[in-house]
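For the sequence shown, the numbering used here gives the first residue as 34, with consecutive numbering after it.
Step one of this worksheet: look at the structure below.
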Amino acid sequence: MIDSDFANYASTVCPQAKSGTPLEHSGLHTWLKEFYGTEDFRTQMAEWLSGAVQIPTESYDGMGAINEDIRWEVFGRLHEYLRNSYPLIYKTLNLTTVNTYGLVYHWQGSDQSLKPLLLTAHQDVVPVDPSTIEQWVHGPYSGYFDGTYVWGRGSCDDKSGLISIMSTLEILLDKGFQPKRTIVLAFGFDEEASGRFGAGEISQYLLEVYGQNGFAFLVDEGGSAMIAYGAAILSPHIAEKGYLDVGIEGIGIISKLLVALEDKPLQPHLLRNQTVYQTIQCLVHAPEIPTSLKHDIIKSQVSDKALARVQETILAEFPDLKYLMQTTQAIDLISGGVKVNALPERVTAVVNHRIDVASSVDAVKERMFSVLKPVSDEYNLSFNHFGDLFSSESSDSGSVSVFDAFQSALEPAPVSPAGHAKPWSLLSSTIRAVFEDVVGNEVSLRPDSALQIVVGPGQTLGNTQYYWKLTPHIFRFSPFFRENAVYPGGGIHTVNEAISIHAMTDQVRFFTVLILNTDESRDV
Numbered sequence: 034m035i036d037s038d039f040a041n042y043a044s045t046v047c048p049q050a051k052s053g054t055p056l057e058h059s060g061l062h063t064w065l066k067e068f069y070g071t072e073d074f075r076t077q078m079a080e081w082l083s084g085a086v087q088i089p090t091e092s093y094d095g096m097g098a099i100n101e102d103i104r105w106e107v108f109g110r111l112h113e114y115l116r117n118s119y120p121l122i123y124k125t126l127n128l129t130t131v132n133t134y135g136l137v138y139h140w141q142g143s144d145q146s147l148k149p150l151l152l153t154a155h156q157d158v159v160p161v162d163p164s165t166i167e168q169w170v171h172g173p174y175s176g177y178f179d180g181t182y183v184w185g186r187g188s189c190d191d192k193s194g195l196i197s198i199m200s201t202l203e204i205l206l207d208k209g210f211q212p213k214r215t216i217v218l219a220f221g222f223d224e225e226a227s228g229r230f231g232a233g234e235i236s237q238y239l240l241e242v243y244g245q246n247g248f249a250f251l252v253d254e255g256g257s258a259m260i261a262y263g264a265a266i267l268s269p270h271i272a273e274k275g276y277l278d279v280g281i282e283g284i285g286i287i288s289k290l291l292v293a294l295e296d297k298p299l300q301p302h303l304l305r306n307q308t309v310y311q312t313i314q315c316l317v318h319a320p321e322i323p324t325s326l327k328h329d330i331i332k333s334q335v336s337d338k339a340l341a342r343v344q345e346t347i348l349a350e351f352p353d354l355k356y357l358m359q360t361t362q363a364i365d366l367i368s369g370g371v372k373v374n375a376l377p378e379r380v381t382a383v384v385n386h387r388i389d390v391a392s393s394v395d396a397v398k399e400r401m402f403s404v405l406k407p408v409s410d411e412y413n414l415s416f417n418h419f420g421d422l423f424s425s426e427s428s429d430s431g432s433v434s435v436f437d438a439f440q441s442a443l444e445p446a447p448v449s450p451a452g453h454a455k456p457w458s459l460l461s462s463t464i465r466a467v468f469e470d471v472v473g474n475e476v477s478l479r480p481d482s483a484l485q486i487v488v489g490p491g492q493t494l495g496n497t498q499y500y501w502k503l504t505p506h507i508f509r510f511s512p513f514f515r516e517n518a519v520y521p522g523g524g525i526h527t528v529n530e531a532i533s534i535h536a537m538t539d540q541v542r543f544f545t546v547l548i549l550n551t552d553e554s555r556d557v
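What follows is the structure, encoded as structure tokens:
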């Protein structure tokens with residue numbers, strides 16, 4: 034196959050939007066681009082984020098109603114902080130509080146024929162385990178800025194997103210920007226628990242005000258980057274895995290049931306209708322991709338043998354991608370008995386499943402039946418499978434029950450259109466504009482050389498389910514792609530969570546160009 038065939042294929046299956054910067058607002062963009070590179074701006078961003086991190090807005094599983102559980106009250110402190118930090122937003126935008134602590138800001142545009150842009154983030158953070166506090170380099174709620182990183186719980190997830198969005202709007206207001214397209218910000222407050230009090234209530238409010246499919250598109254936290262063959266594949270997530278916690282009750286043989294599941298592990302299978310397949314197809318744009326792999330990716334559209342070779346090659350190079358090619362299973366909980374020297378009256382286990390985007394809740398249930406019922410039959414037990422009872426006259430020795438442990442069943446999310454879809458193209462052109470500039474002029478995404486930027490769709494564990502009715506175009510993207518954007522000795526949801534101030538400025542760059550580009554577009 035000649036190079037022109039490669040180019041035609043690449044433009045068809047993984048189209049790359051041209052780098053797009055604002056035209057009508059080119060002067061404003063140029064000024065802000067220079068301003069965002071200054072020490073004064075980095076210092077201001079560190080102060081804004083630090084102040085938010087110092088407020089411990091922890092959310093816990095099983096929290097009570099808003100007016101009953103005092104642990105919610107700390108969110109009032111964050112609201113006061115935001116009001117004091119962003120006076121122009123509170124002077125200009127309309128704020129609606131939903132279910133006491135949900136925040137929805139409306140910046141009315143001058144052209145009501147344009148669907149609004151929706152930007153979301155969450156105010157809450159994962160609780161800090163008190164036993165780990167001494168392991169932190171700087172206190173988990175210190176908000177300490179050491180000149181490179183802002184430290185503390187929520188600095189990465191997701192106060193960085195919330196503060197970046199708010200800071201972008203405050204700066205645009207300061208520079209006199211007036212949008213044609215309405216901009217809506219929606220900040221929930223229990224995303225790390227369930228989302229039902231925050232995003233769940235906010236979504237109902239937004240449906241009432243803007244209607245189903247009332248938004249041009251939505252940008253939430255998420256995204257990933259794969260450094261491969263001389264390219265950085267930047268992946269806004271367009272899909273989310275499904276979810277099911279399967280409870281198993283089988284006194285006397287619970288270990289046999291769990292061993293049966295472990296003995297038949299789920300295997301990765303690269304399928305053409307998986308989002309990860311779209312990500313892999315985008316590798317044809319990578320300048321250093323081996324010719325044999327490039328050929329196989331192209332042939333894999335119609336050849337199962339080529340598809341199998343692509344899976345083998347990719348997993349040998351990037352083994353963690355297997356989790357995007359399959360449903361995952363994890364035996365997380367086992368319980369039974371209340372004291373020693375007393376046989377348990379009930380023994381249960383809970384098996385967590387993150388469901389492949391090409392699979393379904395029913396497929397997981399069917400697998401549980403095929404693996405567990407033979408064990409039940411071997412011991413002459415009745416078998417209750419999600420409410421359906423299977424037994425014979427001789428099955429009087431007990432029972433095995435398989436059920437949804439926490440009413441958790443959630444199908445994989447609807448896949449947002451990518452390719453040549455207008456919202457995807459606008460987002461892609463924005464990402465290319467921002468990150469080609471970062472790679473070309475500042476800090477490379479890889480220390481040894483500049484990388485070619487490729488934008489391709491990806492998938493996540495998610496949970497944007499409350500917003501699915503608002504728009505079919507939901508993109509999860511947080512631009513944390515610089516080298517050491519997150520403190521390398523820590524991580525999200527664990528000790529020493531810290532974000533680079535350069536990663537914070539990248540987020541403001543991104544939201545600025547996104548807002549200006551979207552405001553100028555009439556195609557979304």
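Glycine included, every Cβ here is placed at the ideal spot set by N, Cα and C.
Of the residues the options, which one's Cα is nearest the Cα of residue i?
i: MET199; options: TRP184, GLN211 and VAL217; result: VAL217
i: HIS506; options: VAL519, PRO447, ASP552 and PHE544; result: PRO447
i: LYS355; options: ASP329, ILE313, VAL380 and VAL317; result: ILE313
i: GLN359; options: ASP410, ARG305, ILE331 and GLU350; result: ARG305
i: ASP552; options: SER146, LYS124, ARG400 and TYR262; result: SER146
i: MET537; options: GLY70, LEU61 and VAL46; result: GLY70
i: ALA454; options: VAL390, GLU378, GLN498 and VAL557; result: VAL557
i: VAL309; options: TRP169, ILE330, LYS297 and GLU321; result: ILE330
i: THR545; options: HIS302, TRP184 and LEU202; result: LEU202
i: PRO377; options: GLU345, ILE287, LEU422 and PHE508; result: ILE287
i: VAL158; options: TYR138, GLY221, SER118 and VAL137; result: GLY221
i: LEU206; options: GLN300, ALA518 and TYR123; result: TYR123
i: LYS66; options: ARG555, GLN540 and ALA339; result: GLN540
i: LEU549; options: SER392, ALA50, GLN77 and THR63; result: THR63
i: ASP191; options: PHE513, ASP421 and ARG555; result: PHE513
i: ILE367; options: LEU303, PHE423, CYS315 and VAL279; result: VAL279
i: VAL408; options: ASN117, ASP296, HIS302 and PRO352; result: ASP296
i: ILE271; options: PRO445, ALA531 and ILE260; result: PRO445
i: GLN492; options: GLN168, THR181 and GLN311; result: GLN311
For residue i, report the span of its beta strand (DSSP E) as first-last.
i: VAL487; result: 485 to 488
i: TRP184; result: 182 to 184
i: ALA319; result: From DSSP, ALA319 is part of no beta strand (DSSP E); its letter is neither H nor E.
i: LEU240; result: Element bounds for LEU240: not the beta strand (DSSP E) but the alpha helix (DSSP H), 232 to 243.
i: PHE250; result: 250 to 253
i: GLY491; result: 491 to 493
i: TRP140; result: 135 to 140
i: TYR276; result: 275 to 282
i: PHE508; result: 507 to 509
i: ALA154; result: 150 to 155
i: ASN127; result: 127 to 131
i: GLY267; result: According to the sequence displayed, residue 267 carries Leu and not Gly. Its beta strand (DSSP E) spans residues 264 to 268.
i: SER118; result: First-last for SER118: 107 to 118, but that is the alpha helix (DSSP H), not the beta strand (DSSP E).
i: SER368; result: 361 to 369
Going by the CB atoms, is the gap between residue j and residue i shorter than 8 Å?
i: LEU277; j: HIS386; result: yes
i: ALA219; j: THR153; result: yes
i: ASP26; j: ALA258; result: Any question about residue 26 goes unanswered here, given that the chain covers just 34 to 557.
i: ASN10; j: GLU241; result: This structure does not reach residue 10, given that the chain is present from 34 up to 557, and the question cannot be answered.
i: GLN307; j: VAL394; result: no
i: VAL46; j: ALA319; result: no
i: THR90; j: PHE74; result: no
i: VAL467; j: ARG542; result: yes
i: GLY369; j: VAL383; result: no
i: LEU484; j: ALA265; result: yes
i: VAL519; j: CYS189; result: yes
i: LEU303; j: VAL343; result: yes
i: TYR500; j: ALA232; result: yes
Am I right that residue i and residue j are in contact with their C-beta atoms under 8 Å? What's the rounded C-beta distance?
i: GLY255; j: PHE510; result: 6 Å
i: GLU273; j: LEU494; result: 7 Å
i: SER434; j: ASN417; result: 4 Å
i: SER236; j: LEU503; result: 7 Å
i: GLN156; j: LEU111; result: 6 Å
i: ASN496; j: GLY228; result: 6 Å
i: PRO352; j: ALA249; result: Their Cβ separation, rounded to whole angstroms, is 38 Å, which puts PRO352 and ALA249 out of contact at 8 Å.
Identify the continuous alpha helix (DSSP H) that holds residue i and give its terminal residues.
i: ALA438; result: That residue, ALA438, is in no alpha helix (DSSP H); it is neither H nor E in DSSP.
i: MET259; result: MET259 -> not in any alpha helix (DSSP H); beta strand (DSSP E) instead, spanning 257 to 261.
i: TRP81; result: 72 to 86
i: VAL383; result: Taken as a continuous stretch (DSSP letters only), VAL383 belongs to no alpha helix (DSSP H), being part of the beta strand (DSSP E) at 380 to 388.
i: GLY60; result: 59 to 68
Open item on the list: For the pair the region 319 to 330 and the region 278 to 285, tell me if three or more CB-CB distances fall below 8 Å.
Closed with: no
Open item on the list: Closer than 8 Å is the cut-off here; do at least three beta carbon pairs connect the region 161 to 175 with the region 49 to 61?
Closed with: no
TODO: Say whether the region 81 to 96 touches the region 187 to 197, bearing in mind that this needs 3 or more beta-carbon pairs closer than 8 Å, one atom from each stretch.
DONE: yes
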